[in-house]
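Notes follow the structure.
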Amino acid sequence: MVVLSYNLRTHEDQPSVISAVSSFNATNKYTFNKNLQVDADEIMLINGTWQRAYNAKVGDTLFNAITMQDVTITSINISSHGGKVYDFIGSPVNDYLANNFVIDKDSTCELATFLCSSFLGNESIELANGTYINVANVSAGSLVMGYNFQERKNVPTVIVSIKHVHSRGMYLINGKLELDGGESVILANGTNVPASSIKVGDMLYLEGHGNTTVQSVEFINETYGTYDINTAPTDDFAINGYVIS
Numbered sequence: 060m061v062v063l064s065y066n067l068r069t070h071e072d073q074p075s076v077i078s079a080v081s082s083f084n085a086t087n088k089y090t091f092n093k094n095l096q097v098d099a100d101e102i103m104l105i106n107g108t109w110q111r112a113y114n115a116k117v118g119d120t121l122f123n124a125i126t127m128q129d130v131t132i133t134s135i136n137i138s139s140h141g142g143k144v145y146d147f148i149g150s151p152v153n154d155y156l157a158n159n160f161v162i163d164k165d166s167t168c169e170l171a172t173f174l175c176s177s178f179l180g181n182e183s184i185e186l187a188n189g190t191y192i193n194v195a196n197v198s199a200g201s202l203v204m205g206y207n208f209q210e211r212k213n214v215p216t217v218i219v220s221i222k223h224v225h226s227r228g229m230y231l232i233n234g235k236l237e238l239d240g241g242e243s244v245i246l247a248n249g250t251n252v253p254a255s256s257i258k259v260g261d262m263l264y265l266e267g268h269g270n271t272t273v274q275s276v277e278f279i280n281e282t283y284g285t286y287d288i289n290t291a292p293t294d295d296f297a298i299n300g301y302v303i304s
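Note that the sequence shown covers residues 60 to 304 in the numbering used here.
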């Protein structure tokens, strides 16, 4: 399917192709100006920078890519009933229009949404050649090692976009893996679970080592600079050895 996206480099609307779609249930939703509904962890263009929806406040601005104008947020309604949302990846541009507003990984409740992939810059990601570098050192076009969960094997995948965003709170799993609460982790049975829902006793998949048990989960309530990564054609890859979606 071809959808309308927004190119922040050229400041023009352009078509983009959806290459992957999945769905999950959001725990809550934010409604802006009684019009735009998104998941709390959605990455949006707020005041000209990429931020999570939960960071927005009345008086901030969103960008309308149809009128090419900033729109002031006059109201925010937060509901604990998030509903079903959809995660999809697009190429070559992964910034979309939800009710005309520019967002990354569209999290519109019951319409379209993205699950965010945000990591600290000092975490390691495996390149396709088998070497490891920090997340902060990769860029769009980098070839990294993805993981095909159906075939249980490593496959090369390309980073199609990477953004630096501010995330509030991180989950430290087994004292090793630090993730934004909206990031999706793959359980040993192949299902995706947000990091905020991971609990002690869950089984995660550790690349090259099979299943591993979650022994500890710690929430660190601080604001971090993280990196939001989208890859294609495979959207599953390893961070610090753990397979992430």
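C-beta atoms are modelled at their ideal positions from N, C-alpha and C, and glycine is treated no differently.
From a predicted model like this one, the values you see are computed outputs, not experimental measurements.
Beta strand (DSSP E) containing residue i: first to last residue?
i	result
V219	212–232
N207	202–207
I184	183–185
Q128	128–131
K88	88–91
N244	Looking at the sequence itself, residue 244 is Val, so the reference to Asn does not match. Start and end: 243–245.
S138	135–138
E101	It is not in any beta strand (DSSP E) - E101 carries neither H nor E in the DSSP assignment.
Y113	From DSSP, Y113 is part of no beta strand (DSSP E); its letter is neither H nor E.
I257	From DSSP, I257 is part of no beta strand (DSSP E); its letter is neither H nor E.
V276	276–291
T250	Looking at the DSSP string, T250 is not in any beta strand (DSSP E), and its letter there is neither H nor E.
N123	120–123
D239	236–239
N196	From DSSP, N196 is part of no beta strand (DSSP E); its letter is neither H nor E.
Give the C-beta separation of residue i and residue j to the nearest angstrom, bearing in mind that I take them to be a contact with Cβ-Cβ under 8 Å.
i	j	result
G205	P215	7 Å
When the Cα of residue i is compared with those of the options, which residue comes out closest?
i	options	result
L104	N207, Q128, S138	Q128
V203	V62, E71, I298	I298
T3	S198, I125, F122, S139	Here the chain has residues from 60 to 304 only, and residue 3 is not among them.
D119	I125, T126, R111	R111
E71	K88, T108, A115, F122	F122
G284	N114, V224, D295	V224
Next on the checklist: Taking 8 Å as the cut-off, does the segment 182–191 touch the segment 246–265 (at least 3 CB pairs, one atom from each stretch)?
Outcome noted: The answer is no - the segment 182–191 does not touch the segment 246–265, with fewer than three Cβ pairs under 8 Å.
Checklist entry - Can at least three beta-carbon pairs, one atom from the segment 227–244 and one from the segment 271–279, be found at a separation below 8 Å? => result Contact annotation: the segment 227–244 touches the segment 271–279, with at least three C-beta pairs closer than 8 Å.
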